[in-house]
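The structure appears below as structure tokens.
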Amino acid sequence: MSDVFADLVGQDEAVVELRRAAAAAAAVLRAGAADRAPALVAASPASDEEPAPAAGEMDPSSGMTHAWIFTGPPGSGRSVAARAFAAALQCVHGTGCGECPGCHTTMGGTHADVRMVVPEGLSIGVGEMRALVLRAASTPSGGRWQVVVIEDADRLTEAAGNALLKAIEEPPPRTVFLLCAPSTHPDDISVTIRSRCRVVPLRQPPAAAVAEVLVRRDGITPDVAQWAAAAAQGHVGRARRLARDPEARKRREAVLAVPRRLTGVGAAFDAASALIEAAEAEAEASVTESDTTERAALETALGAGGTGRGAAGAIRGAAGQLKELEKRQKSRATRAQRDALDRELVDLAGFYRDALTMALRAPVAPVHTDTAALAGAGAQKWDAEGSLRRLEAVLACRAAIEANVKPRIAVEAMMLALWKG
Ligand SMILES: [Zn+2]
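Residue numbers for the sequence shown follow this note's numbering, so the first one is 26 and each next one is one higher.
Here it is in structure tokens:
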């Protein structure tokens with residue numbers, strides 16, 4: 026029952042399309058094998074007289090194509106969908122059975138022909154992309170497909186995007202690119218890349234579907250699962266963390282205490298500091314361990330403490346590499362802080378959204394059931410208009426940070442707006 030698409034929550038339409046594409050891809054491989062069985066993987070497409078089922082010639086209407094974009098809000102499962110599709114392409118049955126070696130190794134992240142690019146910094150650079158495109162052009166060692174999954178393709182630099190575009194325009198015969206991005210808006214993905222890709226839109230999964238998967242897969246009790254699914258606002262990973270991790274619950278409670286704490290200007294600045302520091306602490310917890318391990322590994326590799334001939338030159342080279350590593354780690358830390366702060370802002374937006382729907386007496390369930398009474402009190406005090414203004418202040422803060430306003434400045438402005446209404 027649990028094939029590779031089982032964890033794609035509430036995305037029935039996308040799953041139908043991906044299954045069809047995987048079957049079409051398997052048919053392409055079979056046709057290729059029948060045509061020129063002994064030389065299937067070694068054949069060079071340029072030498073073919075016959076119209077081989079090669080790259081650019083794959084008919085998009087046949088169900089399979091070489092470049093895909095998975096779009097959807099954070100937590101909707103873009104990378105889950107991309108990974109599952111990659112597994113289905115490597116599956117020996119062409120279905121994503123979940124049991125064969127191709128499925129297993131892809132899902133486990135160890136398949137030799139599947140590369141997952143997960144940017145750690147704020148952007149994916151051109152060097153990284155060129156290296157990737159080069160490796161993606163090689164013949165798949167497993168005889169099926171070379172699959173490159175680019176998570177957060179919206180973080181490609183312009184130069185990196187151009188390098189990728191070249192590969193997508195003239196794809197090697199057995200290479201498939203799977204891009205993940207929030208949307209196909211030109212801010213997220215260039216129009217030219219978009220025009221070469223098939224788009225698979227994912228929706229925000231309904232809370233009931235998220236709760237169901239938490240119960241079935243993670244063994245979480247139904248009432249906790251329902252609460253976490255609602256509180257996470259359709260973000261599957263976040264729901265799982267809330268259900269399992271007491272620290273995540275504590276941080277969320279601290280964020281939802283903010284509206285109560287805004288009693289004056291001083292309190293607003295205090296709340297801003299608390300929010301920023303909580304995000305920093307969360308980010309630090311998530312990156313410190315890998316930072317230390319990486320540094321130790323690099324120091325060992327460089328033979329730190331060597332005193333032999335040439336040690337001075339080696340030390341100069343080592344200093345450069347350490348500096349490079351520190352730069353990368355700093356970029357990763359910044360990203361982790363932004364992500365943590367953004368999660369806090371989404372929680373806070375949920376609270377004011379609850380106040381707004383209550384003021385409007387809209388017949389919808391609250392996002393945060395545990396602060397529903399507080400949101401109700403807010404609704405009475407602020408009315409719909411005041412609740413909406415506050416919700417907009419939170420969303421404006423997110424937009425400002427996205428546009429590179431210093432987080433502390435944006436959060437302080439938001440807190441003042443929330444206090445004043
Ligand atoms: Zn399989």
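The beta-carbon is built from N, C-alpha and C at its ideal position, and this holds for glycine as well.
Only a predicted model underlies this, so the values are computations on that prediction, with no experimental measurement involved.
Does DSSP put Val430 in a helix, a strand or coil?
Here Val430 sits in coil by DSSP.
So which residues touch the region around ligand 1, with touch meaning a C-beta under 5 Å from any heavy atom?
Result (chain order): Cys116, Cys122, Cys125 and Cys128.
Are the beta-carbon atoms of Ala185 and Ser148 separated by less than 9 Å?
Taking 9 Å as the Cβ cut-off, Ala185 and Ser148 qualify as a contacting pair.
For Gly1, which residues in the same chain have their Cβ closer than 8 Å to its Cβ, ignoring the five residues on either side in sequence?
Because the chain here runs from 26 to 446, residue 1 falls outside it and cannot be looked at.
Do Arg228 and Gln36 have their C-beta atoms within less than 9 Å of each other?
Going by beta carbons, Arg228 and Gln36 fall inside the 9 Å limit.
Name the one or two DSSP bridge partners that Phe95 has.
In DSSP, Phe95 forms a bridge with Cys205 and Val225.
Burial state of Pro231, where buried means 16 or more other Cβ atoms lie within 10 Å
Pro231 is exposed by the Cβ-count criterion.
Hey, His393 and Asp408: beta-carbon distance below 9 Å or not?
Cβ atoms of His393 and Asp408: not closer than 9 Å.
Measuring CB to CB, does Leu203 end up less than 9 Å from Ala273?
Their beta carbons are not under 9 Å apart, which means Leu203 does not touch Ala273 by this criterion.
C-beta atoms of Arg221 and Glu194 nearer than 9 Å:
Yes, these two residues count as a Cβ contact at 9 Å.
Scan the region 133-164 and note each continuous beta strand (DSSP E) run of 3 residues or more that stays entirely inside, going in chain order.
Taking only runs of at least 3 residues, the beta strand (DSSP E) segments lying wholly in the region 133-164 are 139-142.
How many angstroms separate the CA atom of Asp32 from the CA atom of Gly345?
In this structure, the straight-line span from the alpha carbon of Asp32 to that of Gly345 is close to 43 Å.
Could you give the DSSP three-state label for Leu323: helix, strand or coil?
Residue state, collapsed to three classes: helix.
Bounding residues of the beta strand (DSSP E) (the contiguous stretch that carries Val172):
Element bounds for Val172: Gln171 to Ile175.
Look at the Cβ atom of Leu43, then the Cβ atom of Val224, and state whether they are nearer than 9 Å.
No, the Cβ-Cβ distance between Leu43 and Val224 is not below 9 Å.
Given 8 Å, three or more beta-carbon pairs between the region 104-121 and the region 320-327:
The region 104-121 vs the region 320-327: no contact.
Starting from Ile193 and walking both ways along the alpha helix (DSSP H), at which residues does that stretch end?
Run containing Ile193: Glu183 to Glu194, per the alpha helix (DSSP H) assignment.
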